[in-house]
DNA sequence: GCAAAGATTTGCT
DNA sequence: GCAAATCTTTGCC
């Protein structure tokens, strides 16, 4: 880095997000997530998303209707919906479909393109603030772990994307299609289209069929930056 | 008002 | 393979 960078990218067309959510999901795969500007920017290609569509999707936060938390899901497309899960991790969604309809795409994994150092520094900051409080986890051990991470593990999960891009509640409601936004979506002319595979969504064991099994997880097959999917049997059980 | 669970990640046994 | 960490949001009394 340090060399001047010629930007061949432009902002992500909002129109693509106002189409139906499955089409929007496919168009978002391969798009870029960017934080900051110029040579200092952290940029990654989106390689995994999940669709949460409509009030009747019993896996979606919109299933209880419009609430304080999910309000932006009902708003215009292209806006960020950021929420806190499990009391410690943030998740980034891109709102889809026309205003008035509750739908969004969860960004589950990103492949670093530029600014790995910045992502690593952000991960380290997050770890020092939060994970260092884990029982028995020392600051030094946590630092060593982050330093040793390969680039394709820097943003390979929904919580990790937010840690690597310093995404928090302060980004909730920001416009990701606005070129002037610090956090935004972009398309680069030099990028080749990526293949897309589908599968069931992750971490929604509370949802009944058909929502539990419908193939609304979209990802680039074989990509090294995909999230690690935890089998349902290993997920948290109520005591 | 209070209790329960969660669109996750990590470390230890 | 299993459970902890952590706190906001939602649902129910």
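Numbering (my numbering), first residue to last: 11 to 249.
For every residue, glycine included, the Cβ atom is placed at its ideal position computed from N, Cα and C.
| Query | Result |
| --- | --- |
| Whole-number beta carbon distance between residue 115 and residue 106, since they are thought to touch under 8 Å | 6 Å |
| Anticipated Cβ contact below 8 Å, residue 276 with residue 54, distance rounded | Because residue 276 is not part of the residues shown, which for the chain are 11 to 249, the question remains open. |
| Residues near residue 226 in its chain [Cβ-Cβ closer than 7 Å; skip 5 each side] | 60, 61, 211 |
| Contacts around residue 235, its chain only, beta-carbon distance under 6 Å, and the 5 residues preceding and following it disregarded | 57, 119, 121, 162, 166 |
| Exposed unless 16 or more other CB atoms sit within 10 angstroms - verdict on residue 135 | exposed |
| Three-state class that DSSP yields for residue 137 in the structure shown | helix |
| Limits of the beta strand (DSSP E) - the one that residue 110 falls within | Residue 110 -> no beta strand (DSSP E), and no H or E assigned at all. |
| Cβ pair residue 100, residue 46 closer than 8 Å | no |
| Alpha carbon of residue 164 to alpha carbon of residue 214, nearest angstrom | 24 Å |
| Cut-off 7 Å between Cβ atoms - residues of its own chain near residue 182, not counting five sequence neighbours on either side | 82, 90, 91, 92 |
| Classification of residue 148 by the beta-carbon crowding that lies within 10 angstroms, buried from 16 upward | exposed |
| Collapsed DSSP secondary structure at residue 21 in the structure displayed | strand |
| Exposed unless 16 or more other CB atoms sit within 10 angstroms - verdict on residue 30 | exposed |
| C-alpha distance - residue 193 paired with residue 42, whole-angstrom precision | 11 Å |
| Sub-8 Å separation of residue 24 and residue 187 beta-carbons | yes |
| 8 Å Cβ cutoff met for residue 87 and residue 27 | yes |
| Host beta strand (DSSP E) of residue 63 (start-end) | 52-63 |
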